[in-house]
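Under the working numbering, the first residue of the sequence shown is numbered 40, with each subsequent residue one higher. First the structure, in the form of structure tokens, and then the observations on it.
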Amino acid sequence: MTRPWFAADLETAATFWRILRRDGVTLGFTSHDRDLWFDGVLHRASPGMVPSSIRKCADFEPDSAEVRGSLSHEAIDSADLAAGRFDGAQVRIGLVDWDSLERDVLYAGTIGAITEEDGAFSADLISRKAELHRDPTPRTSPTCRAVFCGPGCNLNPWKFTREFRLAAVDAGANTVRFAETLDAALYAGGTLRWMDGPQAGLTIGAIGGDTTGGLLLDTPIDTGIAPGTPALLREGCAHTLGTCAHRFGNAVNFRGEPHLPGNDMLTRYPDPIQ
């Protein structure tokens, strides 16, 4: 820490918490009675939103914390929670001197389970030490384990990403059609990221095409998205060796064992000699 806290009889200290959502939005809050600006983020006064006690330990057990608050604040509402805008968001909780703006981060993690009841929400926070419990050893699989255009795959994601503009939405079928012609088969298993509108910044999975030339999505579409809204579409990958080699020319980075015998070998019997 940069300074000892609560060492004097009178302290100008307040708590702050910062939420970094995956859609690129950063929200800051403080228990102080006025807004505070530091680290390039406006931390809004929100006395009704408080972090619980933070438990930190020196061993490998994950630290625990929880945030509770009211949905009355304009920055957090039930629609955004239901849309998943806060799922997996990064969280920083700390102390700030509201006079000198000295601050210390006491907890860093991500948002886990979120519950909502009677106009209030509660969010469990997952410590970064939880990553130490993940098994780093990969498991054998006939398909590629790497995320398309991610680490291990090593392809340039922008080479397989194009911008399209929305032409129409079919909310009943959960499909979208674009003004430009696209091969829906290329984007099966890929992603769509809205660049504007009520779902701006959200990344949605693409399942495949339909008979009308639309693209079927795996997340409910907001009917308020207007025609002409731009979206970034990234192609999908079947994660097979054939797709990797012939479509992308990337077999050297294939992270799978397509020729490894499976468990069905245990049930096979030798053919009798005729």
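We treat Cβ as the ideally placed atom computed from N, Cα and C, and that holds for glycine. For clarity, every value in this text was computed on a predicted model and none was experimentally measured.
- Cβ contact annotation for A152 (same chain, cutoff 7 angstroms, sequence separation greater than five): D163, in chain order.
- Taken in chain order, the unbroken stretches of beta strand (DSSP E) that lie wholly in the stretch 207-286 and span 3 residues or more are 214-217, 230-233, 242-248, 254-256, 269-273.
- Counting C-beta pairs with one atom in each stretch, the stretch 250-260 and the stretch 211-227 have three or more that are closer than 8 angstroms, which means they touch.
- Here V186 is exposed: its Cβ has fewer than 16 other Cβ atoms, across all protein chains shown, within 10 Å.
- Following the DSSP letters along the chain, one finds D136 inside the beta strand (DSSP E) bounded by residues 129-136.
- The alpha-carbon of T154 is positioned some 13 angstroms away from that of I115.
- Scanning its chain for C-beta atoms nearer than 6 angstroms, with the 5 sequence neighbours on each side dropped, one finds around R83 the residues F68, D74, in chain order.
- By the Cβ test, the stretch 237-250 is not in contact with the stretch 201-208, since fewer than three Cβ pairs between them sit closer than 8 angstroms.
- Residue pairing by DSSP puts G67 in a beta bridge opposite R57, H82.
- Less than 7 angstroms separates the beta-carbon of T51 from that of W137.
- Counting C-beta atoms within 10 angstroms of its own C-beta, T262 has fewer than 16 neighbours from the protein chains shown and is therefore classed as exposed.
- Taken through DSSP and simplified to helix, strand or coil, A118 comes out as helix.
- In this structure, R294 lies near G191, with their beta-carbon atoms less than 7 angstroms apart.
- Rounded to the nearest angstrom, the gap between the Cα atoms of Y146 and S166 is 8 angstroms.
- Cβ-Cβ separation between L271 and E202: approximately 6 angstroms, consistent with a contact (criterion under 8 angstroms).
- Straight-line spacing of the CA atoms in L194 and L231 works out to 18 angstroms.
- Ranked by how close their Cα comes to the Cα of R142, the residues C188, D78, G247 have D78 in first place.
- Shown here for G123: same chain residues with a beta carbon closer than 8 angstroms to its own, the five before and five after excluded, namely L241, T258 in chain order.
- Excluding its 5 nearest sequence neighbours in each direction, A284 has C-beta neighbours in its own chain below 7 angstroms: A290, listed in chain order.
- Residue state for W197 is assigned as helix, using DSSP reduced to three classes.
- The Cβ-Cβ distance between R307 and T200 does not fall below 7 angstroms.
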